[in-house]
Each structure stands twice: as structure tokens, then as C-alpha cells.
Amino acid sequence: MNVGYYPGCSLEKSAKEFDLSIRAVLKEMGVSLQEIPDWNCCGASPAHSMSEELSLALPYRNLVQAEEAGISKILSPCPACYSRLKYTQDEVAISSTLDRMRMITGREFRRSTESRHLLEFLKEDLGLERLKSAMKTSLQGMKVTSYYGCLTRLPAVVYDDQENPVIMDEIISTLGGEALDWSHKTECCGASFSVTRTEIALRLIHSILQAAKEREAECIAVVCPLCQSNLDTRQGDVNKEYGSHDQIPILYISQLIGLTQGLGYAQLGMDRLLIRPKGLLLQKGIFKK
Amino acid sequence: MSFLNSEEIHSFRNRILSLSGEDALRCTQCGKCSGGCPISPEMDQQPNQVLRLIQINDRQAVLSSSTIWLCASCRTCSVRCPEEIEIAKIMDVLRKLAVEEKFSLAEKQVVKFNEIFLDTVRKRGRVHELELMMRYNLAVHQPFKDAHLGPRMLARGKLGILGQKVKELSQVGEIFEKSKRFFKP
Amino acid sequence: MTESSHDERIELLTYAEVVEVKGFVGNFDVIIRKKPRYVDPLKCTGCGLCSEKCPTKTPNEWDLEMGMRKAIYKPFAQAVPNVPVIDPEHCRFFTSGKCKVCQKLCPAGAIDYEQKEERVQKKFGAIIVATGFAQFDPKVYGEYGGGRFKNVITGLHLERMLDPSGPTGGHVIRPSDQKEPKDVVFIQCVGSRDESKGVPYCSRICCMYTAKQAILLKDHYPNSQSYIFYIDIRAGGKNYEEFVRKAQREYGAIYIRGRVSRIFEKGEKLIVRGADTLIGKQVEVEADLVVLATAAVPQPDAIGLAKLLNIAHDSYGFYSEAHPKLQPVESLTKGIFLAGSCQFPKDIPDAVATSGTAAIRACGILSLDELILDPRIAAVNPDLCSGCLNCLEVCPFEAIEKTEVNGRVVARVIPTLCQGCGNCAATCRTQAASVQGFSEKQICSQIASIFQEMKKEKLFELSEQ
């Protein structure tokens, strides 16, 4: 299977482990990724907050680059990138918008590409059976709370339930983990307020961690680089602010899949996480030394 | 004190309607948006209050609120609104209007963050996170903000010193030059 | 109900349904299907031994499945007649040929497994529809738990618990652990006034019953505290406003203006997160029990019944009245009347009032030997009729019949069924069908004289059009 790939800016560096683990697990399952040539930033929230045309034109260029490279399906792991690409794709169905994008970028888009989010791709395109058959070990009943953040509510995202999404939970169950039901599946992590109003983000991150702890979660599965960064890199700050002593590893769903495929610790970028998961994985027998 | 003027009463609501396609007058002030907003505790106006202020044409109160900048675009309000009003979209339009009309911005550092973010994209085609963090810290006069995280992030390979660059950079520059704040078909 | 079952002038057909209605006002031909009870009402004494000894238990629909009933059961304590019925889907005899305990034990020999369905055909002068309303299912609200939280219940569940003959013997308890709730949150408008997931209208009765429930709860548990999240309080009725104030002032109910956005489970408690729009703050309440005041919606088979009766209904499924102000109990089909909430949710005084009005209107028909009809009905001129019968196809009241005049097939309007809508007149290609007093010739001549008047006064500028 061949699919286009749009990593987005975070996956290049600060969330490299997401990129590494996705590439590794998809390769293991016979999926080859064709990165969009010379892709640019999608603009994320700053673009749509400051300029409407910019917020459409930046993703538009990526769609054109993909189309020109013969890519018909683009996999975007980052929810924001996925939402912006899909939203632009939907908007240029209106001819006046398409005309304007053509004028700004000087490029034609024949609208022959489509975007897929990672979870959608795993469930619909690959299927849970495929994930199961690639398993060499299981998650050994590890208690995992799946954290979706705002993914299922983002503009143009129309799969899974907005209030109680389940795809990640289904994947965890398929992989032999215990997918815990919990209250904060879709509660906001604070996004970029982690930088601009840190105390707000800390408050939100704290309630998410508390809710996971309440269910005795051993780790939290995520699908967004910003959520991962907030829950992982800020966990220490949250502990300091609220007097807690949490050490809950925050793992990408692709890393969890990779663990069941017997892939390496560094190969999955596990060594790049601030809250170290090694102890937990050894204790559970998921990872052998 | 609010002085309501019949000539003007619909003008802000109409402006928002034409820019966002959403009619603030549909709001029945039920408060479900404010009830679910994750940032509600820190906002000066609750989301439902912002819609109320649009309804009575109080442009000043809306565009100078912290609410529009503290909105995380999580869309919890939009998906739960019983009138199906795209509240997050209205907030987006209000952000752009506040900047365009040069209002006194309540959360200047949020705007600064957005501007620096987009500037690094303009220059490189992709966000340079380290440059963004450093320039932001300087702009808000907190050069050592989150410095405690620096070494650990560096050790984990999370901070790219050099950053990435798009090859066809002129295309990106052109996009920035030609893009207007509001799209008018 | 008991009174009407003893009145000689009333024949009560219970456990029965209408399956066909033909005819017209004063002469409705109705077929009724009487479902088999498997118990002979003439022999049964209502002693209840059968239900007591029946070995099969199944969730009780009347108690919204909070309790159990037997396979031979009376639907509720005050049911009329005081005769049980066997549920063939759960009864061991009907499902596997075993048991027969009820028959063995019945002292009156009233159990009859051989009982068959009966069809009765009768003529009726008038029909009154009083089929009531149903509850909106709040499971579409994922933010309120989507039906997964045991301690989030509806107002009707609370009613069953408050009933001394209900599943909990009149004790309000948390379904999850049977414990007494201390902090109870009531949420108004769940499904009502909601264009996105529910119905746009106000269900009218919920503000008042919630206030009542808050008062009763405080009576039961003086240490309890009720919080009521509302958007507006609709208390337009005699002593209604005073009642709501009493709930606040004398019974300590805290009213919070704002919709609830989310309910979380946290340990044993429920966290209710909403807004207080009057002070502009988000609020959170830790509750033991949450009661949702769900919207009142039409019965699930309302539209099916409307088609059977040939009465009009609105887009929700509520039956349409002939005039919203002046004819609130008449349906658009002559001779069929509407009582109670099948027309639109209403509280008890209004339901009683409309029922009384419908009854007297029905009497109005029954007391006459001849009916005076509205003369504005259609007629088909057989001399002009081509016999195409297109009008028959388009008549919504089935008021046109095929007949023969001098060996030629023509259409004929049945005067008593015709409501004067004019569909046939509009469809007729030969101008044979027309509404009396509104023939095409008459209408054209009206228009011509209007134009004549206008020409005189030079009011009409044709050039601009």
C-alpha cells in the first residue's frame, strides 16, 4: 500500500518520536509513505486567527504539491494539520474560493487528493485485523486512557463521536491493553497557552492527569503532538504547581502499536519522552531488556 | 451604561454575519457554551456574554475582551450549541477584526506569539520552534521563561538549532504577500 | 377510569387497538383488534395469585425497567379492569410449552391459553384521539453521558421512584448503589428548545414538574439539596409562579440560569458543569443524582395512527388542529377530535379541558339526526367530466368516488367527506370539478373586475413587472 505523508512542522523535531514511530509501524505493515515534496507549514491556529486567506493558501500549496507528485491520499498524523488540509479541501469546492487560491499561489488544484487522519487510516484503511496480525507481543493488559483532545471536534473532521470517541480505545483493546473509560477524553489540554498563558495550560493539564489517575491509568495514549507535549513536558511543572507527584508516561498511539510489533526503544523514539516509560514497560513485560 | 440606537443596533451583528456567516441574534443566551468552555474561568467576558454584546452592538467591549484571545479554538461551544451557532468561528473573526481595526488588544502576548510563529513560517516555510520560543521570550521580556525545560528538551533532541527550510521559499513569500485578512468572494 | 368501567353507557375495550377506519363523520366504520389476554375477564376475580406464583421475571416497562414484573401481570396497580394479562414473549408456556403454574393455581379457572385475537367491526358517529405523548430519549447527548451513567436519570424515572407503589417503594435512590441522594441536580430543557439534537419547541410541562419534584424530594429527604439548571421558567398558569417561588423560598431549591454543558463521573459522584449566565461564571456542582427533564415528543407510532385515521399531523408528529385558536380540539378531518397531548404537550388542567371540549363537540354530532355541513365543498359536473379520475388520486380526504352516469364513468364528490380544499378543482382538466361558489369562471370574473377598478384609478403600473 502506498500513501502520501504530511508530517507537519512538529513531527520534524519536537515531536519527532511521533514521526519515527509512524514510519516504523507502517513500514512493518507494508505501507510505504511518500512524503509530500517540499511541503510547508499548514499555518495551524496562528494562521486562522490572523488571516483567513493565509489559513487557506498555506494548506492549499501542500495539496497542490501532493497532487503534482501523483499522491491521491494524504496521511496527516497531526490533528491540526489534518483539519487545516481537509478544511481547505472542502472550501475550495466553492469556485470563488478556488479562484482566489489560484490567484494567490499561481497554482492549479484539480481536487484529486484527499486527506486522512492517522486514526481513520488505521481503522478504515488498514483495519484492526491488520494491526492484530502484525503483533509479536501484546500490551499485557496495561491500563491505558486514550486522550483525544479536540480532534473529533475540529473543523472538517467528521469521524468518530464528538463527545465519546472510541477509535483509539478499540486499537488499544486490539493490542491487548485495557482501554479505560474516563471523563477527560476530549477535554482541552490548553494548546499553545502552554507558552502564552502557562498557568491556564497547567490547570487543564492537571485535571486531565487527575482524571486519568482516578481510573488508575498506567499511561495515557495520545494522537496529537501538542497534547503530548503539554501532558509530557509540562507534567513536572504541574507537579510543582499543584503539589502532585505524577509520573504518567504519555505515549503516542503509534508508539504503542510499535511496542506490540516488537520494534526497538530508540526506533520508536521512546528515549525522547520526558516522562520515561521504560520502567512501566519493563514491569508490564511489554518490553524485554 | 448601554445606549441603544435604532440606526446602529444591527450593525455589528450584520458585520459578523457577513464575515462569518453566523448570526449572533440566533443565540438564546442559554449559556451552554460558557458552561463547557475550558478557558471560561480566566476569561473577562464569558462566551455567551460576547454573543450578547454583539447582539446589542457593543463593539468596543467585544473587541477589547480577553475572551477572543483566550479562546483555544477547541470548538466545544460550537458542537454543543443548541442553535448550531459556530461560536468558535465567530471568535476567529473577532480576533481578525480586533487586529485589523487596531483595537487595544487584551492579550498582547497571544498576538505576539501568532505573529512570530507566522514570521518564522514566512521566512522558512516551516515553523522554527527554537526561534519562536526565543523571540517570544524576548518580546514578552521573560528571557528565562521555561529555561528549566531547555536542557532536558535539548537532551531529548526536541529542539532543532538550525530548523528546516522549504526549497521553493519564494512561493511561500508570495502567499504571505498576497493573502488578505478576510476573504471576500 | 374505574367509574367509566362501571357506567352502563360506556363500553371499555382494553388491550385493544384500532386497525381500520373507513367512512365519514357520523358514520365511521371501525375495525378493532382485541388482543388475547389469555385470561377470562368474566371469571377472573383479580386475586393476584397467578402473578405472585409466576416463576418468570422480566424488566417492567411501566417502571422504566427499574424493577421487574412477572410474565402474567397487571401493567400497573390501578389498572382497569383488574385482570392480568399474559406476555407471550416471556411466558414459559408460550415460549417452551412448560410451566402452567398460573392455570394450576387460579381458583377461578380464568386462565385460558387458547384465547384468540378477536376482530370487532362497529359503526361510530365520532372519534376522539387521546393517545398522549412519549419521552425524548436523552442518549443522544453524549455530553450528559449518552445513557451510560447509571445515576443520570429522567424526570419520569424520578416519578416512578416517588410513587409508593413503584419499584423502590416510594424511596428516591441512586440506581448505582441504592443509596439515598443528598445533592440532586435537575437539568431543564433536555431535548427541548434544541435545534441541533432535539426539538425546537418548549415542552411546557417540565418547569412545573421539576419544581414539584424538588419540593417532594425535600419532603422525603430534608437534608437533601436540589440545584435546578434552567434557561427560562415557564410558569404561566393559576398559582404556577407562586409554586415555583415556593420551591425556592420554602424548600431551598437553588435555581441556576444556564444550560449544563457536561456531566462527568468522578468516583461515586457526578460532576455537573454548566454556566450561571446571571453572574457570568462557569459553575460546577458535585451531585449524587442528576435528573434530566426530557422533552415531550409524539408517541413513536403517532404518524402511523394519523395515516390510519386520515388526520393531519405536523412535522413533529403532533396532530393538527383545525384552527390554532378557534378550533383547538377539532382535527382537520370532520368528526375526529383531539384531546390532550397528542395535539401538543399540555399539563393536566389543559388536558382535562380539551378532553371535555372534545367530548361535548363529539356529543354535538351524536345528538343530531342530520348534520349541517359547510357548503364550501366541491362538486363534479358529470356533463363535463371526462372520467379520467385524476381528481380521485389527488383528493387527500378520499372524498371522491368513481361512479357511472348513463353508462359513462365519472367522478363524484362525497359531500360529507369533502373539506373544500380545491385540489380536485386545480387538477381537473375540463373544469368539471370545482368548489361551489369558487368556480374558475367566478374567480376569473373577480380578478377582471379588480383590474377594471385599478385601471380606473391608475394604481397599477404594468411596465415595471
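Chains as they are written, first to last, in numbering that gives the first Met the number 0: chain F, 0 to 288; chain Z, 0 to 184; chain H, 0 to 464. Note that beta-carbon positions come from the ideal geometry of N, C-alpha and C, so glycine has one too.
Can you tell me whether ASN47(Z) is buried or exposed? The criterion is at least 16 other CB atoms within 10 Å of its CB, across all chains shown.
In the second sequence, the residue the question calls residue 47(Z) occupies position 48. So ASN47(Z) counts as buried.
Between ASP160(F), ASP159(F), LYS15(F), which has its C-alpha nearest SER253(F)'s C-alpha?
In the first sequence, counting from the first residue as 1, residue 253(F) sits at position 254. Nearest option by C-alpha distance: LYS15(F).
Would you grab the beta carbon distance between PRO78(F) and LEU19(F) for me? Rounded to a whole angstrom, and I think it's under 8 Å.
Taking the first sequence and counting its residues from 1, one reaches residue 78(F) at position 79. Taking the first sequence and counting its residues from 1, one reaches residue 19(F) at position 20. Contact doesn't hold; Cβ gap of about 19 Å is too wide.
For CYS46(H) versus ILE71(H), is the C-beta distance shorter than 8 Å?
Residue mapping note: residue 46(H) aligns to position 47 of the third sequence, counting from 1. Residue mapping note: residue 71(H) aligns to position 72 of the third sequence, counting from 1. No, these two residues do not count as a Cβ contact at 8 Å.
Can you tell me whether GLN464(H) is buried or exposed? The criterion is at least 16 other CB atoms within 10 Å of its CB, across all chains shown.
Along the third sequence, one-based indexing puts residue 464(H) at 465. Unreliable placement is indicated for GLN464(H), whose pLDDT of 43 sits below 50; the coordinate value is still reported in the next sentence. It is exposed - the Cβ of GLN464(H) has fewer than 16 other Cβ atoms within 10 Å.
Within 8 Å, do at least three Cβ pairs link the segment 210-226 of chain H to the segment 246-253 of chain H?
yes
Taking just the CA atoms, how far does SER178(Z) sit from GLU167(Z)?
Here residue 167(Z) corresponds to residue number 168 of the second sequence, with the count starting at 1. Here residue 178(Z) corresponds to residue number 179 of the second sequence, with the count starting at 1. Going by the C-alpha atoms only, they are around 17 Å apart.
Using a Cβ cut-off of 8 Å, pull out every chain Z residue sitting near GLU186(F), in sequence order please.
Against the first sequence, residue 186(F) aligns to sequence position 187. Chain Z residues near GLU186(F): PRO37.
Can you list, in chain order, the residues of the segment 56-75 of chain Z whose Cβ is nearer than 8 Å to any Cβ on chain F?
LEU69, ALA71, SER72, CYS73, ARG74, THR75
Is GLN466(H) helix, strand or coil by DSSP?
Because chain H is modelled from 0 through 464, residue 466(H) falls outside the range shown and cannot be assessed.
In chain order, what residues of the same chain lie with their CB nearer than 8 Å to the CB of ALA216(F), ignoring the 5 residues before and after it?
Working through the first sequence from its first residue, we reach residue 216(F) at position 217. Cβ neighbours of ALA216(F) beyond the five flanking positions: LYS142, VAL143, THR144, LEU179, TRP181, ILE247.
Count the other CB atoms within 10 Å of the CB of GLY419(H); is the residue buried (16 or more) or exposed (fewer)?
By 1-based counting over the third sequence, the position of residue 419(H) is 420. Per the 10 Å Cβ criterion, buried.
What residue range is occupied by the uninterrupted alpha helix (DSSP H) comprising ASN163(F)?
Reading the first sequence from its first residue, position 164 is the one you call residue 163(F). ASN163(F) -> no alpha helix (DSSP H), and no H or E assigned at all.
Taking only beta-carbon atoms, is PHE135(H) less than 8 Å away from chain F?
Taking the third sequence and counting its residues from 1, the one referred to as residue 135(H) is at position 136. It does not: the Cβ of PHE135(H) has no partner Cβ on chain F nearer than 8 Å.
Pull up the distance between the alpha-carbon of LYS183(Z) and that of VAL139(H), whole angstroms please.
The residue you call residue 183(Z) lines up with position 184 of the second sequence. The residue you call residue 139(H) lines up with position 140 of the third sequence. Taking the straight line joining both Cα atoms gives about 37 Å.
For the segment 122-173 of chain H, which segments carrying the beta strand (DSSP E) assignment without a break, of at least 3 residues, lie completely within its bounds, in sequence order?
126-128, 132-134, 151-153
Would you check if the distance between the CB atom of ARG261(H) and the CB atom of GLU113(H) is smaller than 8 Å?
Numbered from its first residue, the third sequence carries residue 261(H) at position 262. Numbered from its first residue, the third sequence carries residue 113(H) at position 114. Result no, Cβ atoms of ARG261(H) and GLU113(H) do not sit closer than 8 Å.
Can you find a C-beta in chain Z that's less than 8 Å from the C-beta of PHE192(F)?
Start at 1 with the first residue of the first sequence, and residue 192(F) comes out as number 193. Yes, PHE192(F) lies at the interface with chain Z (some Cβ there is under 8 Å from its Cβ).
Rounding to the nearest angstrom, what Cα-Cα distance links ASN163(H) and LEU157(H) in this structure?
As a working mapping, residue 163(H) is identified with position 164 in the third sequence. As a working mapping, residue 157(H) is identified with position 158 in the third sequence. It should be pointed out that residue 163(H) corresponds to Pro in this sequence rather than to Asn. Going from the Cα of PRO163(H) to the Cα of LEU157(H) covers about 12 Å.
Is the CB of GLY190(H) under 8 Å away from at least one CB in chain F?
For the purposes of this step, residue 190(H) is taken as the residue at position 191 of the third sequence. Closer than 8 Å: no.
Leaving out five residues on either side along the sequence, give the residues of the same chain with a beta carbon under 8 Å from the beta carbon of ARG91(H).
Residue numbering aside, residue 91(H) sits at position 92 when the third sequence is read from its first letter. These residues qualify, in order along the chain: PRO54, THR55, ALA70, LYS97, CYS98.
Let me make sure I understand the geometry here. Which of CYS201(H), LYS122(H), VAL79(H) has the alpha-carbon closest to that of ILE230(H)?
Looking up residue 230(H) in the third sequence gives position 231. Comparing Cα-Cα distances from ILE230(H) to each of CYS201(H), LYS122(H), VAL79(H), the minimum goes to CYS201(H).
Starting from the beta carbon of GLY189(F), find every residue of chain Z whose beta carbon is closer than 9 Å, and list them in chain order.
Locating residue 189(F) in the first sequence gives position 190, where the first residue counts as 1. Result: PRO37, ILE38, ALA71.
Determine the DSSP secondary structure at MET42(Z), reduced to helix, strand or coil.
The count along the second sequence starts at 1 and reaches residue 42(Z) at position 43. The answer is coil: DSSP assigns MET42(Z) none of H, G, I, E or B.
Considering Cα atoms alone, identify which of LEU117(F), LYS283(F), ASP245(F), PRO224(F) is closest to GLU11(F).
Taking the first sequence and counting its residues from 1, the one referred to as residue 11(F) is at position 12. The candidate whose alpha carbon is nearest that of GLU11(F) is PRO224(F).
Determine which residues of the segment 224-240 of chain F have a Cβ less than 9 Å from any Cβ of chain H, and write them out in chain order.
none
Going by beta-carbon coordinates alone, are ALA358(H) and GLY34(Z) separated by less than 8 Å?
Against the third sequence, residue 358(H) aligns to sequence position 359. Against the second sequence, residue 34(Z) aligns to sequence position 35. When the beta-carbon positions are compared, ALA358(H) and GLY34(Z) stay at least 8 Å from each other.
Report the three-state DSSP secondary structure of GLN139(F) (helix, strand or coil).
Residue 139(F) sits at position 140 when you count from the first residue of the first sequence. Coil.
In the structure shown, what three-state DSSP assignment does PRO58(H) receive?
Sequence index remark: in the third sequence, residue 58(H) carries index 59 (1-based). Strand, per DSSP.
Whose Cβ in chain Z lies nearer than 7 Å to the Cβ of ARG258(H)?
Counting from one through the third sequence, the residue named residue 258(H) turns up at place 259. Within chain Z, the residues near ARG258(H) are CYS29, GLY30, LYS31, GLY34.
Thinking just about the alpha-carbon of each residue, which of THR1(H), ALA425(H), LEU370(H) is nearest to the one in ALA76(H)?
One-based indexing of the third sequence puts residue 76(H) at position 77. When only C-alpha atoms are compared, the closest one is THR1(H).
Could you tell me which whole beta strand (DSSP E) segments of length 3 or greater appear in the segment 185-248 of chain H?
224-229
Give, in chain order, every residue of the segment 248-272 of chain H whose Cβ lies closer than 8 Å to some Cβ of chain F.
Residues passing the 8 Å Cβ filter: PHE263, GLU264, LYS265, GLY266, ILE270.
When the cut-off is 8 Å and only beta carbons count, does SER462(H) lie next to chain Z?
In the third sequence, counting from the first residue as 1, residue 462(H) sits at position 463. Because SER462(H) carries a pLDDT of 49, less than 50, the predicted location of this residue cannot be relied on, and the following value inherits that uncertainty. No, SER462(H) does not count as interfacial toward chain Z.
Determine whether the Cβ of SER182(F) lies closer than 8 Å to any Cβ atom of chain H.
Against the first sequence, residue 182(F) aligns to sequence position 183. At a cut-off of 8 Å, the C-beta of SER182(F) has a neighbouring C-beta in chain H.
Starting from the Cα of THR87(F), find the closest Cα among ARG99(F), CYS41(F), SER9(F), LEU55(F) and give me that residue.
Taking the first sequence and counting its residues from 1, the one referred to as residue 87(F) is at position 88. For THR87(F), the nearest C-alpha among the options comes from LEU55(F).
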